[in-house]
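Count along the sequence shown from 1, add 32, and you get the number used in our numbering.
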Amino acid sequence: MSSSNVNHLSQPCIYGHSISSHTERKFRLMKWLAKLFKGSGRGASNGRYPQLIGEEQAMWREPSRSLDNQSRAENEEMDHAIALSLAEDARKPNGYRRHSNRDDELARALQERLNVSSYPPYKPPQFYPRGIGICGGCNHEIGYGQYLTCMGAFWHPQCFRCHSCHQPITESEFSLSGSDPYHKSCYRELHHPKCDVCHKFIPINRAGLIEYRAHPFWNQKYCPSHEQDKTARCCSCERLESRTTTYVSLEDGRSLCLECLDSAVMDTGDCQPLYHAIRDYYEGMNMKLDQQIPMLLVERQALNEAMEGEKDGPHHMPETRGLCLSEEQTVTSIHRKPKIGMSFIPDMKTQRQKLTRKCEVTAILVLYGLPRLLTGSILAHELMHGWLRLKDYRNLSPEVEEGICQVLSHMWLESEVMPGSRSMPSTSMATSSSSYTSSTSKKVGKSDIEKKLGEFFMHQIVHDSSPAYGEGFRAAYSAVNRYGLRRTLEHIRLTGYFPV
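This is the structure:
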């Protein structure tokens with residue numbers, strides 16, 4: 033589970049006017065008249081200040097102008113007083129228009145005549161003189177007209193723009209990333225993760241965090257709800273089915289993505305060349321299997337029934353994909369490849385087959401419908417079980433037996449995915465045939481997705497958390513890397529443990 037915070041904080045942006053000195057004179061007169069009328073409050077909208085509500089806010093303000101509900105006669109008297117004051121002021125020479133006692137007398141006279149009741153004094157909005165500052169966008173001086181104060185700077189309204197779409201930000205709220213402002217919608221498109229399954233924005237939980245699930249290898253991000261809403265998951269690569277794709281349903285209830293289906297091994301006959309190639313791989317490492325061990329591809333139910341019939345041996349949960357039988361059993365195998373429909377696989381032919389024990393190993397069973405590289409890694413693992421039993425390795429602990437089998441599976445995958453590299457770091461196993469390469473391994477011409485699948489199957493082996501398969505593999509790999517495969521196997525035969 034991953035999560036991230038959604039938190040965009042900044043200063044509020046305040047919108048204002050820059051004015052001339054003549055306008056200031058007019059404003060002073062309005063201040064005296066405000067004392068006269070004691071401010072009804074309806075014209076004081078400029079006294080409000082913005083409040084932060086958890087997101088970036090841009091508060092766009094202009095000085096508001098509203099008329100009170102006085103009578104027409106009172107308005108005419110007020111207009112007349114203003115006109116007389118301005119006319120008298122205009123007759124004075126420049127530089128001598130200063131505030132006088134007559135101004136106050138005029139204000140007191142009008143107040144007494146109208147007999148207005150007393151209210152708290154009106155606090156006017158703050159105005160700034162011309163040349164207030166330099167625009168943070170165009171780097172030119174803020175002149176007359178509207179301006180914006182935000183993020184510690186002054187802006188022309190048309191210069192305060194989104195860092196993504198480069199259009200002016202006119203909304204009352206915006207998002208901030210570092211020192212770059214964004215429209216909230218642009219920021220969401222750029223930074224809010226989308227679900228790879230439903231392709232919607234991943235929702236925010238009650239704590240205000242973006243909570244999602246992510247596959248450790250494929251980095252597929254998805255809403256937590258898809259783990260409970262029966263969204264199909266590929267039985268091979270573990271990816272969830274996207275709403276824009278369709279997975280194939282196998283008859284035993286498993287789902288298979290189209291990329292894994294492309295190289296899937298569907299019946300016993302198709303698997304025989306791969307099985308013989310892996311036997312040759314063992315022989316190339318001087319580990320020839322002296323007995324011909326039967327190999328069958330089976331359904332999930334047949335594999336589970338065969339597993340229950342075995343007396344010993346750990347099995348990888350939650351699902352077993354392969355099994356090395358040592359008991360005589362009758363199993364149902366996939367006899368003929370099923371047809372592939374639009375979203376399901378019909379007409380699969382099976383047959384019952386009795387397996388008799390002619391040696392220490394009765395047969396190797398592998399789950400059908402898996403990609404070639406995964407099927408091969410399972411065969412390499414189960415063949416190692418057979419080799420150990422045929423070579424009389426007795427009473428091994430699950431960690432030792434499963435661990436060394438996982439090493440052989442990983443070695444084979446490595447030789448397929450990275451044919452130019454050695455299958456193991458140590459060369460102490462080297463023989464005249466140690467560089468053997470199977471002519472049927474199809475190392476040339478693998479698609480990128482098949483190579484990626486091979487890397488994923490290797491990743492699964494390396495990062496397995498189970499005691500037998502995970503810890504066992506890491507202990508076995510360390511021993512083989514240090515002492516070589518031959519010395520490690522000989523130490524296991526003599527002591528039952530890995531060399532340290």
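For glycine and all other residues, C-beta sits at the position ideal for the given N, C-alpha and C.
**Q.** DSSP state of residue 181 mapped onto helix, strand, coil
**A.** For the purposes of this step, residue 181 is identified with residue 149 of the sequence shown, where counting begins at 1. Correct three-state label for residue 181: strand.
(Q) Closest to residue 432 by C-alpha separation, out of 448, 244, 417, 232, would be which residue? (A) Position 400 of the sequence shown, counting from 1, holds the residue named residue 432. From the listed residues 448, 244, 417, 232, the smallest Cα separation to residue 432 is found for 417.
Q: Kindly list the residues whose CB is nearer than 6 Å to the CB of residue 39, restricted to its own chain and excluding five residues on each side of it in sequence; keep chain order.
A: Position 7 of the sequence shown holds residue 39. Because residue 39 sits at a pLDDT of 41, beneath the cut-off of 50, its placement in the model cannot be relied upon, and the point is left open.
Q) Quick one: what does DSSP say residue 408 is sitting in, helix, strand or coil? A) In the sequence shown, counting from the first residue as 1, residue 408 sits at position 376. Here residue 408 sits in helix by DSSP.
Q. Does the count of Cβ pairs from the segment 234 to 246 and the segment 478 to 489 closer than 8 Å reach three?
A. No, the segment 234 to 246 is not in contact with the segment 478 to 489.
Q. From residue 253 to residue 229, what distance separates their C-alpha atoms?
A. Your numbering for residue 253 matches position 221 in the sequence shown. Your numbering for residue 229 matches position 197 in the sequence shown. So the two alpha carbons sit approximately 8 Å from each other.
Q. Between the C-alpha atoms of residue 522 and residue 321, what's the straight-line distance to the nearest angstrom?
A. Residue 522 sits at position 490 when you count from the first residue of the sequence shown. Residue 321 sits at position 289 when you count from the first residue of the sequence shown. Rounded to whole angstroms, residue 522 to residue 321 spans 17 Å at the Cα level.
(Q) Here's a check: name, in chain order, each residue in its chain whose Cβ is nearer than 8 Å to the Cβ of residue 286, leaving out the five neighbours to either side. (A) Position 254 of the sequence shown, counted from the start, is the residue given in the question as residue 286. Hits under 8 Å: 267, 332, 401.
Q. Where does residue 317 sit, in a helix, a strand or coil, going by DSSP?
A. Walking along the sequence shown from the start, residue 317 turns up at place 285. Residue 317: coil per DSSP, three-state reduction.
Q: Taking only the alpha-carbon atoms, compute the straight-line gap between residue 75 and residue 175 and give it to the nearest angstrom.
A: As a first step, residue 75 must be located in the sequence shown, where it is residue number 43. As a first step, residue 175 must be located in the sequence shown, where it is residue number 143. No answer about residue 75 holds up, because its pLDDT of 41 lies below 50 and its placement is not dependable.
Q.
Whether or not the segment 302 to 309 and the segment 401 to 413 are in contact is what I'm after, with contact meaning three or more pairs of Cβ atoms, one per stretch, closer than 8 Å; do they touch?
A. Judged by Cβ distances under 8 Å, the segment 401 to 413 makes contact with the segment 302 to 309, as three or more pairs qualify.
Q | Which listed residue (339, 415, 188, 279) has its alpha carbon closest to that of residue 314 | A | Within the sequence shown, numbered from 1, the residue matching residue 314 stands at position 282. With distances taken between Cα atoms, residue 314 lies closest to 415.
**Q.** residue 179 to residue 204 span [Cα, whole Å]
**A.** Residue mapping note: residue 179 aligns to position 147 of the sequence shown, counting from 1. Residue mapping note: residue 204 aligns to position 172 of the sequence shown, counting from 1. For residue 179 and residue 204, the distance between alpha carbons rounds to 15 Å.
**Q.** N- and C-terminal bounds of the beta strand (DSSP E) containing residue 279
**A.** Your numbering for residue 279 matches position 247 in the sequence shown. Run containing residue 279: none; DSSP gives neither H nor E here.
Q) Residues in its own chain within less than 8 Å of residue 265 by CB, not counting five upstream and five downstream? A) To locate residue 265, count along the sequence shown from 1; it is residue 233. These residues qualify, in order along the chain: 271, 272, 273, 287.
Q.
By the three-class DSSP mapping on this structure, what secondary structure does residue 270 have?
A. Along the sequence shown, one-based indexing puts residue 270 at 238. Reduced to three states, the DSSP call for residue 270 is coil.
Q. Whole-angstrom Cβ separation of residue 445 and residue 489, contact assumed at under 8 Å?
A. For the purposes of this step, residue 445 is identified with residue 413 of the sequence shown, where counting begins at 1. For the purposes of this step, residue 489 is identified with residue 457 of the sequence shown, where counting begins at 1. Rounded, the Cβ-Cβ distance is 6 Å, consistent with contact.
Q.
My output table needs one value for residue 201: the three-state DSSP class, helix, strand or coil.
A. Numbered from 1 along the sequence shown, position 169 holds the residue referred to as residue 201. Here residue 201 sits in coil by DSSP.
**Q.** Sequence-distant residues of the same chain with beta carbon closer than 7 Å to residue 189, five excluded per side
**A.** Along the sequence shown, read from residue 1 onward, the residue named residue 189 stands at position 157. So the qualifying residues of the chain are 178, 180, 200.
Q. Using the beta-carbon count (16 or more within 10 Å), is residue 323 buried or exposed?
A. If you number the sequence shown from 1, residue 323 lands on position 291. Classification for residue 323: exposed.
Q: Could you please give me the residues that DSSP links to residue 356 through a beta bridge?
A: Stepping through the sequence shown from its first residue, residue 356 is reached at position 324. Its beta-bridge partners are 396.
Q: Identify whether residue 187 lies in helix, strand or coil by the three-state DSSP scheme.
A: Sequence index remark: in the sequence shown, residue 187 carries index 155 (1-based). Of the three classes helix, strand and coil, the one that applies to residue 187 here is strand, per DSSP.
**Q.** Distance between residue 530 and residue 516 (C-alpha atoms, nearest Å)
**A.** Residue numbering aside, residue 516 sits at position 484 when the sequence shown is read from its first letter. Residue numbering aside, residue 530 sits at position 498 when the sequence shown is read from its first letter. Answer to the nearest angstrom: the Cα atoms are 11 Å apart.
Q | Cβ distance (whole Å) where residue 225 is taken to contact residue 244 below 8 Å | A | Along the sequence shown, read from residue 1 onward, the residue named residue 225 stands at position 193. Along the sequence shown, read from residue 1 onward, the residue named residue 244 stands at position 212. Going by Cβ atoms, the distance from residue 225 to residue 244 rounds to 6 Å, so yes, they are a contact pair.
(Q) Would residue 434 and residue 500 qualify as a contact pair, given that the criterion is a beta-carbon distance under 8 Å? (A) Working through the sequence shown from its first residue, we reach residue 434 at position 402. Working through the sequence shown from its first residue, we reach residue 500 at position 468. Yes.
Q) Using a Cβ-Cβ cut-off of 8 Å (strictly less than) and excluding sequence neighbours within five positions of residue 173, which residues of its own chain qualify? A) Counted from its first residue, the sequence shown places residue 173 at position 141. Hits under 8 Å: 163, 165, 166, 167.
(Q) On the DSSP letters alone, give me the boundaries of the beta strand (DSSP E) that residue 243 sits inside. (A) Counting from one through the sequence shown, the residue named residue 243 turns up at place 211. Start and end: 241 to 246.
Q.
Pop quiz: residue 269 and residue 485 are said to be a contact at Cβ under 8 Å. What is the actual Cβ separation, rounded to whole angstroms?
A. In the sequence shown, the residue the question calls residue 269 occupies position 237. In the sequence shown, the residue the question calls residue 485 occupies position 453. In this structure, residue 269 and residue 485 form a Cβ contact; the two beta carbons are roughly 6 Å apart against a cut-off of 8 Å.
Q) Who are the near neighbours of residue 12 in its chain, counting only those whose CB is closer than 7 Å to its CB and skipping five residues on each side? A) In the structure as shown, the chain starts at 33 and stops at 532, and residue 12 therefore has no counterpart that could be examined.
Q) Which word fits residue 351, buried or exposed, when buried means at least 16 other C-beta atoms lie within 10 angstroms of its C-beta? A) Numbered from its first residue, the sequence shown carries residue 351 at position 319. So residue 351 counts as exposed.
Q: Pick out whichever of 186, 487, 278, 511 has its Cα sitting closest to the Cα of residue 250.
A: On the sequence shown, position 218 is the one that residue 250 refers to. Measuring from the Cα of residue 250, the nearest candidate turns out to be 487.
(Q) Restricting to Cα atoms, I'd like to know which of 436, 353, 407, 327 is closest to residue 394. (A) Stepping through the sequence shown from its first residue, residue 394 is reached at position 362. Checked all of 436, 353, 407, 327; the closest Cα to residue 394 is 327.
Q: Below 7 Å CB to CB, which residues in the same chain sit around residue 356 once its five sequence neighbours on both sides are set aside?
A: Translated into positions along the sequence shown, residue 356 becomes position 324. For residue 356, where only same-chain residues beyond five positions count, the Cβ hits under 7 Å are 393, 396, 414, 417, 418.
Q: Please classify residue 197: is it buried, with 16 or more other beta-carbons within 10 angstroms of its beta-carbon, or exposed?
A: Residue mapping note: residue 197 aligns to position 165 of the sequence shown, counting from 1. It counts as exposed.
Q: For residue 226, write down the residues that DSSP places opposite it in a beta bridge.
A: Here residue 226 corresponds to residue number 194 of the sequence shown, with the count starting at 1. Partner(s): 233.
Q: Specify the secondary structure class of residue 287 as computed by DSSP and reduced to three states.
A: Here residue 287 is taken as the residue at index 255 of the sequence shown, counted from 1. Three-state DSSP puts residue 287 in a strand.
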